[in-house]
Each structure stands twice: as C-alpha cells, then as structure tokens.
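J.: Got a structure here, written out as structure tokens. Questions coming.
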Amino acid sequence: MLNKPNIRVFYGLMILTVAIALLILRLAWVQLFMKDQHVSGSKYTLAKMAEVQSERETILDSGRGRLYDRNGKPLAGETIWTAAFFPQEENLKNSTHTKQDNAYHRLADILGTSYTALLNTIATLQEPLLWPSPTTGNPLALSPAQAEEVSNLGIDGLKVLPFARRYNGNESGKQWIGYLSELSSPSSSGLRIPMGGTDGLEKTLEPLLRGVGHTEAYAQVDARGNRLPQSDIKVRTPANPYYPLSLYTTIDKQIQEGIEALTVKDGVKEGAVVVLDAHTGDVVSMVSRPFYNPEEISPEGGEWNNRALQATEPGSIFKIITAAAALEANVTSPNESFVCKGKYDKYGLSCQQGKGHVPLTLEEGFAVSCNTVFATLAERLSGVNLQSTALALGMGRENSWQAEGILGMSLLKPLAGEQAGTIFSTLTTDDAGTRVQTAIGQRDVRVSPLQAANLVVTLLHGGEVVAPRILQRVNFANGQKLIDLSRHLAPSPFGRISTHTADLLLSWMRKVVTEGTGRSLKNTKWLVAGKSGTAQTLVKGLPRNNQWFIGYGPYNQPQYAVAVVVQNVAPGSSHTATKLFGQVMDLLSESAPV
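The sequence shown begins at -2 in our numbering and counts up by one.
Structure representation (structure tokens):
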C-alpha cells in the first residue's frame, strides 16, 4: 500500500503524462489537418510559418543624437543612402541573375565592384549586408541619382535605405567631436552598436546624445536562411517624435575644413589653430594636429588629444600679459625709452640672437618683441602683479563656457578637456630671475591655444573675459527647440584691466604687423594685427621651438580672433605660425559676408 508521499508523486506523474499526451495530440492535429490553413493576418500557412525561425535585421540608425555646425551641416550623424542586401527568396536564387543580367552588371559598376564578386556575395548571403566602401569599410554612400537608379533596377533582396553614418572614416582635426566606445560583440547583422561617448563632445554631451532605441531594416527568413516568398523588407523605428536630439554647435564646417587643408599644405605636424568670433567669443573653428580618425583610435598614438585645449609654452605672446601688468601697475608708460645692447646683463638672457636695438619706446619694444624691454619691466613688477593680470585676462584658469543645472545635468561643460595652464608653478614668484623668464613666456608658463585666442577677444571687449562657447542650442527631432544656451562672461576674482590698456595693446598689435615681427603679413587681404612668439622647449632631450602667432582681423572692424601654434619644430626653422595665421585670415576674409 502506497504511503501519502508516494501517492502525491504518483498523481503528479499522472497529471504530467496526461498533459504531454494532450500536447502531442494537438501537434498531430495541426500537422495532419491544419497545415494548409492560413494564419490570421498573414499570407503564410501554418506549415510555412513553422519554417520561420527568425528575422534578419541590420541597424540603420543607432538612435544617437546628431551634431551639426552653426549652419545646420552635419558633423556627426550624417544620413546617407546606401545599398542594403538581404537574403534572396529561394525560388529566385537560380533564375534571377540570368533574367536581370544587365541590371547586375550596372549595379556592380555603381558599387565599384566586379560582376562576379557581386554575384558571389549575393549567392552566399545569410545575413543582411550594407554594401561597404572599399576604402573605409563603412556602408557605401550613394548619390541621390545613384540611389534612384539602384532602386529602379528591381533586384530581389536589394533595397536602398537611409543610413545614419556617425563619421565618414576620414582623418580630421576635429578632436573636439571625440569618439565612441562600442559593444564587445556585434549585432546579428555584424554591425556594432555604439555604446557611448568616450572623449570630446561625444562624452561631455552624452546625456543629451544618448538615444531611445535604434532603427533597423528587417526581413523574415526560413530555417535555411532564405527570405520567405513575397516577404517585404521593412523598417522598424522607435517612432519617437522628440528623439534623437539635434545639437547645434558654433562651428563653421566650411571654415574648419578649409583650415585643416591649410595645415596640411603648410606641413604642420603638431600644433593647433583656434578661431573665435570676435563679437561673441564663440568657437568658429578648432583644428588640432596631428589629425585623428574617430573610428580608429590608438591609445598609444595620442592623435585624439585636442591640442587646442592643451597648455604649452607660449613664448613672446605672453608679453601681452607683461605689458598689461606694467601699464596697470604704473611702472612704465608707452613712451618710456629703453636701450637694448643685445644681451641682458642678468640671467643669460639675450635679444634677437644677440643683436641690439637703438633706443626704443615700450610700444616699439612690443612691436619687435625685445626681451630686454620686458625683462626690465619684470624686475619692476611683483609676482603678484604678473599672476593677477594673467588671471584677469583669462590665463592660468579654465574659462570656456559652462552652466549648472541645465537639462538635468549638474554641470554642462562641453569643452571639459580644457587645461587651465600655469603662470608660476612654485611660490617663489618674487625671485627676479623667475619673474624675468615668466615675463617673456618661458620657465613655467603654459597657455592653451583656446586661451590665447580668447585673450585677443578679451582685449577686443575692453578687458572683459568672454567664455568661449561651442554649443549654442538643442532641438527635438521634430525641429522644436528644446533650449538655447546663452553666452556668458568668465570674470576673474582679480578684476579686469582697464579699457584704455586693452585699446593700447590692440593698437600695438597692429604695429607688430606694420613695423615689427609680423611684417610678412602686410599683404593679407584684410588689415590684420597680432603678436608673434617663439618658445624654447625640449622634446626627448632635443631643443625644439613652439611657434605662435595670435591676432585679429580686420583691424578696423574685427570679426575674428585667431591663435596659431606650431609645436616642436627645429630651432632656426621658418616661422610657419605667422605664415599660417595670414593664410587663415585670408580664408576668413573670403568666407565673410559681403
């Protein structure tokens, strides 16, 4: 006789046996009597639907927000037309090619491949394929005319679809865009889905760029991977009218790419060019050398570092700070006369390779960048004078645009990689030798190209430091505006220099071009003004120079402030920075509204 636990087990097994028997009977009924019955809402019978194992899909758009320039031109997230191939229907695989031979020949020509290679690819296709570019491996971009022609070929399993190309696969100087990290494993289509920003705007704007789902094209296939007969290629999207967001920068793409081309033409290997709007302080262009490819990031190479935000030795452009400090402290006057013998009596300092100057005023000393004049001023100043003036003019501190509590973010700072730089790295600022070396932009002084360009904007604004802005507004996907990001100042707790001093320095910068170290710029299309600099540095124990030229133009009605630095060049090399500055100004004059 069974005890109670055994009775429970017995009845449990009986119930399970009955359930399995009923399931087997149901499956038999379907197989024998219902196999030719159509599924509700589908053109397939139950028997055919039983062959369907899955869908085959390809990602068309990750759903990530788009970055645009100030004119609405795409910077990251451009939509292109591309040829998407899906597995063919089984009943067409052996007959299509002979019937549409001319169509396949024409398609091969458009795609830049051979007829044989195209047919071999299609014949073995098990997953959707976005036809790749032979140079980048990314989906091949078709022109509107090509897209229309391919669509009209009527080839089975081929559809022209819009694809959101994040980057174009080329190298550029747009390190401020940054790059993306990707998932470790690809999707079923072989495409990796971007996970998030790792550097540049892709990282700092991640909360705004993050999408709400991807868009994909898909088709139904049977167990053998063949597309089901008459199965359409469809597109599935999150269908959210607000996302992805569109983020509009202050960058001018045409100017940016024009300056990138100039740096290549001039053979610049390392350095940066920054262009700011003289009225607003907005970043119009920011070029960093060497170039980088956001799709091929090498951690060891460092090409992705944005040199426009990195502080480096400024050389004589720092004499703008020294002159401002001396004028504000009333330790000199514009017409004071100085005598340069070619060598300063102290600290091993020389001027223009040992060549002296006739007696010259402070204004003239500024124009020819006389080290003796500025060493003399440094000995009259205190370290506090130099430090506070530098800070008042935006040096030695971060000053790019930022805001708290916007769009749910505790701090929005698009140019978060900006380096503050230094004026003095030690507390011995009252050592005369330290002050002298600092006053000519050597020793511990470090300035970023962004700061240098913004120094010019500050002078143009009478001594008020404007916070350089690179992001101006954010829109929803339907075009509705989400937010405008207002400009703001970046004041120093040390106050500001006087408008009179700022105007004086601006006029002296014009004299640099007419009578001083920038005389090679006399023939630019605009009248320009600026300040040159050459900083001595060491690279792996070898002497090298950083060449600088910063300034503005046109002189009478300033539109742009520009900073150029060419880094780590051999001593004695021609001053490429000055030449490049002139070329950039000519480019800007051509793009300026009439």
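The C-beta atom is built at its ideal place from N, Cα and C for all residues, glycine as well.
#1: Buried or exposed: which applies to A144, given that a residue is buried once 16 or more other Cβ atoms fall within 10 Å of its Cβ?
#2: If you count every other CB in all the chains shown that lies within 10 Å of the CB of R377, and 16 or more means buried, which is it?
#3: Just to confirm the assignment, what range does the alpha helix (DSSP H) spanning T373 have?
#4: Which residues mark the beginning and the end of the alpha helix (DSSP H) in which E203 is found?
#5: Under 7 Å between the Cβ atoms of V561 and V270?
#6: S313: buried (16+ other C-beta within 10 angstroms of its C-beta) or exposed?
#7: Restricting to Cα atoms, I'd like to know which of T496, A429, K352 and A413 is closest to I467.
#8: If you measure between the beta carbons of F160 and P125, is that distance less than 7 Å?
#9: Pop quiz: T260 and G405 are said to be a contact at Cβ under 8 Å. What is the actual Cβ separation, rounded to whole angstroms?
#10: Alpha carbon to alpha carbon, how far is V453 from R67? Give it in angstroms, no decimals.
#11: Would the region 198 to 206 count as touching the region 126 to 135 if we require 3 or more Cβ pairs under 8 Å?
#12: Please determine, among T573, G530, S59 and R432, the residue with the shortest C-alpha to C-alpha distance to G210.
#13: What does the alpha-carbon distance come out to for the pair D249 and S385?
#14: On a Cα-Cα basis, can you pick out the residue from V566, Q416, T534 and V581 that is closest to I547?
#15: In the DSSP assignment, what residue or residues form a beta bridge with E75?
#16: Between which two residues does the beta strand (DSSP E) harbouring Q533 extend?
#17: Mapping the DSSP letters down to three states, classify T118 as helix, strand or coil.
#18: Taking DSSP as the reference, what is the three-state secondary structure of M11?
#19: Go through its chain and collect everything with a Cβ distance to E401's Cβ below 7 Å, but skip five positions before and after it.
#20: Between E257 and G393, what straight-line distance do the alpha-carbon atoms span, to the nearest angstrom?
#21: Hey, is the region 549 to 569 in contact with the region 263 to 282, meaning 3+ C-beta pairs nearer than 8 Å?
#22: Please name the residue, chosen from E54, E587 and Q564, that lies closest to P551 on a Cα-to-Cα basis.
#23: Whole angstroms are fine: how far does the CA of I77 sit from the CA of L20?
#24: What are the partner residues of Y549, as DSSP defines its beta bridges?
#25: Helix, strand or coil for Y341? Go by DSSP, reduced to three states.
#26: Does the beta-carbon distance from A305 to P488 come in below 7 Å?
#27: What residue range does the alpha helix (DSSP H) around D500 cover?
#28: Which term fits A80, buried or exposed, when burial requires 16 or more other beta carbons within 10 angstroms of its beta carbon?
#29: Measure from the alpha carbon of D263 to the alpha carbon of each residue in T246, R286 and G362, then state which is nearest.
#30: As a quick exercise: from Y112, K576, V536 and S571, pick the residue whose alpha carbon is nearest that of G527.
#31: Out of Y176, L13, N117 and T247, which has the shortest C-alpha to C-alpha gap to V471?
#32: What are the residues that DSSP puts in a beta bridge with K156?
#33: Take the Cβ of E297 as the centre, count every other Cβ of all protein chains shown within 10 Å, and call the residue buried at 16 or more, exposed below.
#34: So within the region 405 to 474, which uninterrupted beta strand (DSSP E) runs reach at least 3 residues, ignoring any that extend past its ends?
#35: Short of 6 Å in beta carbon distance, which residues of its chain neighbour S422, apart from the five on each side in sequence? Order them along the chain.
#36: To the nearest whole angstrom, what separates the beta carbons of F593 and T369, a pair I think is in contact under 8 Å?
T.: Result, derived from the coordinates:
#1: buried
#2: exposed
#3: N368 to R377
#4: E203 to L206
#5: yes
#6: buried
#7: A413
#8: no
#9: Not really, about 38 Å apart at Cβ, beyond 8 Å.
#10: 22 Å
#11: no
#12: S59
#13: 34 Å
#14: V581
#15: R162
#16: A526 to V536
#17: helix
#18: helix
#19: S407 and L408
#20: 28 Å
#21: yes
#22: E587
#23: 51 Å
#24: A526 and A558
#25: coil
#26: no
#27: T496 to E512
#28: buried
#29: R286
#30: K576
#31: T247
#32: A81
#33: exposed
#34: 406 to 409 and 468 to 472
#35: D441
#36: In the structure displayed, the chain extends from -2 to 591; residue 593 sits before or after that span and is not available.
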